[in-house]
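Q:
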Amino acid sequence: MNFLIKIRSLKVLLALLIFGWAGAKAQDTTQVLTLQEYQQLILANHPVASQAALLTEQARQELRMARGLLDPVIASKFSRKEYGGKDYYSLWNSTLRVPLWFGPELRAGFEKNTGQFLNPENSTPAEGLSYAGISVPLAQGLLIDERRATILQAKLMQGIAEAERVKLINKLLLQATKDYWEWLLQYRTVQLYQEALELTDFRLRAVRARVTEGDLAAIDTVEALMALQERNVLLQQAQLELQNARLQVALHLWAENQVPLELQTGTVPVLLGAEVNAVTQEELQALLTAARINHPELEKLILKGEQLEVERRFAANKLLPKLNAEYNVLQRDFYLQPDVVEQDHLQGNYKMGLSLNFPLFLREARGKLQLTKAKQSINSLELIQQTREVANTVQAVYNELQALQEQIQLQEQMVANALALRNGEQIRFESGESSLFLINSREVKFLEAQVKLYALRTKYAKAKTTLYWAAGEIPVE
1 MNFLIKIRSL
11 KVLLALLIFG
21 WAGAKAQDTT
31 QVLTLQEYQQ
41 LILANHPVAS
51 QAALLTEQAR
61 QELRMARGLL
71 DPVIASKFSR
81 KEYGGKDYYS
91 LWNSTLRVPL
101 WFGPELRAGF
111 EKNTGQFLNP
121 ENSTPAEGLS
131 YAGISVPLAQ
141 GLLIDERRAT
151 ILQAKLMQGI
161 AEAERVKLIN
171 KLLLQATKDY
181 WEWLLQYRTV
191 QLYQEALELT
201 DFRLRAVRAR
211 VTEGDLAAID
221 TVEALMALQE
231 RNVLLQQAQL
241 ELQNARLQVA
251 LHLWAENQVP
261 LELQTGTVPV
271 LLGAEVNAVT
281 QEELQALLTA
291 ARINHPELEK
301 LILKGEQLEV
311 ERRFAANKLL
321 PKLNAEYNVL
331 QRDFYLQPDV
341 VEQDHLQGNY
351 KMGLSLNFPL
361 FLREARGKLQ
371 LTKAKQSINS
381 LELIQQTREV
391 ANTVQAVYNE
401 LQALQEQIQL
411 QEQMVANALA
421 LRNGEQIRFE
431 SGESSLFLIN
441 SREVKFLEAQ
451 VKLYALRTKY
461 AKAKTTLYWA
471 AGEIPVE
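For what it's worth, my numbering labels the leading residue of the sequence shown as 1, then goes sequentially.
1) Starting from L478, follow the alpha helix (DSSP H) in both directions and report where the run begins and ends.
2) Output needed for L91: all residues of its chain with C-beta closer than 6 Å, excluding positions within five of it in sequence on either side, in chain order.
3) Going straight from the alpha carbon of A255 to that of E299, what length do you get?
4) What distance in whole Å lies between the Cβ atoms of Y460 and L401, which are believed to be in contact at a cut-off of 8 Å?
5) Could you check if F446 is buried or exposed, using at least 16 other CB atoms within 10 Å of its CB as the buried criterion?
6) For a minimum of 3 consecutive residues, which ranges assigned as the beta strand (DSSP E) are wholly contained in the segment 37-108?
7) Can you round the beta-carbon distance between P137 and G103 to whole angstroms, since I take them to be within the 8 Å contact cut?
8) Beta carbon of G115, beta carbon of D333: below 7 Å?
9) Rounded to whole angstroms, what is the Cα-Cα separation between L284 and Q229?
10) Need the endpoints of the beta strand (DSSP E) that T150 sits in, please.
11) Which one or two residues does DSSP pair with G133 in a beta bridge?
12) Grab me the residues of S135's own chain with a C-beta within less than 7 Å of its C-beta, minus the 5 sequence neighbours each way, in chain order.
13) Please state whether the Cβ-Cβ distance between V415 and A449 is less than 7 Å.
14) Near V48, what residues of its chain come up, given a Cβ to Cβ distance below 7 Å and the 5 sequence neighbours on each side ignored?
15) Given that a residue counts as buried once 16 or more other Cβ atoms are within 10 Å of its Cβ, and exposed if not, what is F358?
16) Taking C-alpha atoms, which residue in I42, Q405, A418 lies nearest to N170?
17) So which of R97, E425, A44, T212 has the shortest CA-CA distance to V259?
18) Report buried or exposed for A163, applying the criterion of at least 16 other Cβ atoms within 10 angstroms of its Cβ.
19) Can you round the beta-carbon distance between V310 and L70 to whole angstroms, since I take them to be within the 8 Å contact cut?
20) What is the DSSP secondary structure of P269, reduced to helix, strand or coil?
21) Run the CB neighbour count on R442, radius 10 Å, all protein chains shown included, and call it buried at 16 or more, exposed below.
22) Can you name the residues that DSSP bridges to K112?
23) Spatial neighbours of E383 within its chain, please: C-beta separation below 6 Å, excluding the five flanking residues on both sides.
24) Do you know how far the Cα of Q237 is from the Cα of A22?
25) What does the alpha-carbon distance come out to for the pair G317 and L356?
26) Buried or exposed, going by whether 16 or more other CB atoms sit within 10 Å of the CB of N64?
27) In the DSSP assignment, what residue or residues form a beta bridge with D333?
28) Can you tell me which of P99, T124, Y180 puts its alpha carbon nearest to the alpha carbon of G141?
29) Taking Cβ positions, are F437 and E223 nearer each other than 7 Å?
30) By DSSP, does G472 sit in helix, in strand, or in coil?
31) Quick check: is the beta carbon of T212 nearer than 7 Å to any beta carbon in chain C?
32) Measuring CA to CA, which of D215, R208, E213, G214 is closest to T221?
33) Taking the DSSP output, what are the residues bridged to G424?
34) In terms of alpha-carbon separation, which member of A154, L271, T150, V211 lies closest to L192?
35) Taking C-alpha atoms, which residue in K462, R457, N440 lies nearest to L199?
36) In chain order, what residues of the same chain lie with their CB nearer than 6 Å to the CB of H252, ignoring the 5 residues before and after it?
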């Protein structure tokens, strides 16, 4: 998936760069940047997207660190004492510990101790003494211990990191997509005012010609000139807003190695995509269902609840006494002898022990357990609240879409009516039954209605993007 996104984004990047190089040769060349290409380029190279990807890698390495608690450990210690020409002692002890997932720990070692004043319990045969055995927790640590709790929580942290990654990507795509729709709005507005300016300029030349022929009064040229100046002011303002919208879109465009990109002059948005495409009740229910399952905020709370359950189990296990049993079979030298596994050897050559540790009041363990239960209650309540907020947000955005859909339908009718009035007034003017002032007034109403329609469609497109964001994930084709 990431490879395909990189390939597609590379195509877009090359197209943008090629256009920038060829712009000096062909100023009229137009490069269309679609929403899908724009989003893929963001996902491939945007610094925030790269940061989000590192969250997953960070969680993977934290799990790797946690699994290090189960790594076998080898240790060796040597000490020697000489004083007054006497060899007091020479101690050498090497051990290998292998923690097992289910609690016990395998142990093996080799000791070789010599000296005139050696402690008798440290005495070993001349060739050394080796041992192999096992240490088993019989109460605390039997069902769960710190190693297993840490690893289980680290595994759950991977899911939390993935949910956080999706959250960051969604937030990035939401703002970037809204900026794209705003760019499209300003681009369409500039096109509309350019057409209006050309029409007004043509009308001014026609009026001047008719004044020269004596068909119209000279004052009509002033009316036509004022209309041209008004359209020019509107166009300049729209061009300024288009430039700012282009800058906002370019803010999200990056090449590899965090190199910022700029939109070339001839790069334009695709004109399709902001049309009304109604969301049905079935689609709404599907979004609500997906939100309850996949929304990153809810998924984080669910996984956090599972982490707290692991913590609770570990805290409850702390209420048990520390009761550990250890058994080691002994033999001369380092090499395994055939008689080691015989019953007589096992019963006569061993070292074993039993340890017990139990705090009388258990205040630390009981406090930790109650604290964890309180955290679980808080997390459960937050999950309930967040679930309702997510569902309400999705429903509210859906209601906004429904209202905008009706407004757009009415506005389309208003645009058609305003255009019909403008065209009718033009016909009346050509037949001498109207004035240039009325034509300009009708045209202003038409332009206002058309710009409002563009704004409503842009608002609809933004709301639809927000709907997917509220449901948990913005789709990118």
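Ideal placement from N, C-alpha and C gives every residue a C-beta, glycine not left out. On a predicted model such as this, the values are computed, not experimentally measured, just so you know.
A: So, to answer that:
1) Since the first residue shown for the chain is 1 and the last is 477, residue 478 is missing from the structure and cannot be characterised.
2) Position 91 of the sequence shown, counted from the start, is the residue given in the question as residue 91. Answer for L91: S79, N113, listed in chain order.
3) In the sequence shown, the residue the question calls residue 255 occupies position 255. In the sequence shown, the residue the question calls residue 299 occupies position 299. About 32 Å.
4) Walking along the sequence shown from the start, residue 401 turns up at place 401. Walking along the sequence shown from the start, residue 460 turns up at place 460. Yes, they are in contact, since the Cβ atoms of L401 and Y460 sit about 7 Å apart, within 8 Å.
5) Stepping through the sequence shown from its first residue, residue 446 is reached at position 446. Its Cβ being crowded by 16 or more others within 10 Å, F446 is buried.
6) 73-83, 86-99
7) Position 137 of the sequence shown, counted from the first residue, corresponds to residue 137. Position 103 of the sequence shown, counted from the first residue, corresponds to residue 103. 5 Å between Cβ atoms; contact.
8) As a first step, residue 115 must be located in the sequence shown, where it is residue number 115. As a first step, residue 333 must be located in the sequence shown, where it is residue number 333. No, they are not a contact pair.
9) Position 284 of the sequence shown, counting from 1, holds the residue named residue 284. Position 229 of the sequence shown, counting from 1, holds the residue named residue 229. Approximately 48 Å, taken between the alpha carbons.
10) Numbered from its first residue, the sequence shown carries residue 150 at position 150. T150 -> not in any beta strand (DSSP E); alpha helix (DSSP H) instead, spanning 146-213.
11) Indexing the sequence shown from 1 puts residue 133 at position 133. Answer is R107, N328, bridged to G133.
12) To locate residue 135, count along the sequence shown from 1; it is residue 135. Counting only Cβ-Cβ distances below 7 Å, and skipping sequence neighbours, we find P104, E105, R107, N324, E326.
13) In the sequence shown, counting from the first residue as 1, residue 415 sits at position 415. In the sequence shown, counting from the first residue as 1, residue 449 sits at position 449. In this structure, A449 lies closer than 7 Å to V415 by Cβ.
14) Position 48 of the sequence shown, counted from the first residue, corresponds to residue 48. Answer for V48: L168, L172, listed in chain order.
15) Position 358 of the sequence shown holds residue 358. Classification of F358: exposed, given that the 10 Å Cβ count is below 16.
16) What you label residue 170 is simply residue 170 of the sequence shown in a count that begins at 1. Comparing Cα-Cα distances from N170 to each of I42, Q405, A418, the minimum goes to I42.
17) Start at 1 with the first residue of the sequence shown, and residue 259 comes out as number 259. V259 has its Cα closest to that of A44, out of R97, E425, A44, T212.
18) The residue labelled residue 163 in the question sits at position 163 within the sequence shown. Buried, because 16 or more other Cβ atoms sit within 10 Å of the Cβ of A163.
19) Working through the sequence shown from its first residue, we reach residue 310 at position 310. Working through the sequence shown from its first residue, we reach residue 70 at position 70. Contact flag wrong, Cβ pair sits at about 16 Å.
20) Counted from its first residue, the sequence shown places residue 269 at position 269. Three-state result, P269: strand.
21) Taking the first residue of the sequence shown as 1, we reach residue 442 at position 442. It counts as buried.
22) Translated into the one-based positions of the sequence shown, residue 112 becomes position 112. The partner list for K112 (beta bridge, DSSP) reads W92.
23) Reading the sequence shown from its first residue, position 383 is the one you call residue 383. Here the sequence assigns Leu to residue 383, which means Glu is not the residue at that position. These residues qualify, in order along the chain: L301.
24) Within the sequence shown, numbered from 1, the residue matching residue 22 stands at position 22. Within the sequence shown, numbered from 1, the residue matching residue 237 stands at position 237. Low per-residue confidence applies at A22: pLDDT is 34, beneath 50, and the placement is therefore not dependable, though the value from the model is reported in the following sentence. Going by the C-alpha atoms only, they are around 29 Å apart.
25) Start at 1 with the first residue of the sequence shown, and residue 317 comes out as number 317. Start at 1 with the first residue of the sequence shown, and residue 356 comes out as number 356. Contrary to the premise, residue 317 reads as Asn rather than Gly in this sequence. Those two C-alpha atoms are separated by around 15 Å.
26) The count along the sequence shown starts at 1 and reaches residue 64 at position 64. This sequence places Arg at residue 64; Asn is not what is there. It counts as exposed.
27) Indexing the sequence shown from 1 puts residue 333 at position 333. Note: D333 sits in a beta bridge opposite L129.
28) As a working mapping, residue 141 is identified with position 141 in the sequence shown. Comparing Cα positions, the closest option is P99.
29) The count along the sequence shown starts at 1 and reaches residue 437 at position 437. The count along the sequence shown starts at 1 and reaches residue 223 at position 223. It is a contact, given that the beta carbons lie within the stated cut-off.
30) Counting from one through the sequence shown, the residue named residue 472 turns up at place 472. In the structure shown, G472 sits in coil (DSSP, three-state: anything other than H, G, I, E or B).
31) Absent from the structure: chain C. Only one protein chain is present.
32) Your numbering for residue 221 matches position 221 in the sequence shown. T221 has its Cα closest to that of R208, out of D215, R208, E213, G214.
33) Counting from one through the sequence shown, the residue named residue 424 turns up at place 424. In DSSP, G424 forms no bridge with anything.
34) Position 192 of the sequence shown holds residue 192. Nearest C-alpha to L192: L271.
35) Translated into the one-based positions of the sequence shown, residue 199 becomes position 199. The residue with the shortest Cα to Cα distance from L199 is N440.
36) Counted from its first residue, the sequence shown places residue 252 at position 252. Closer than 6 Å at Cβ, skipping near neighbours: I42, A176.
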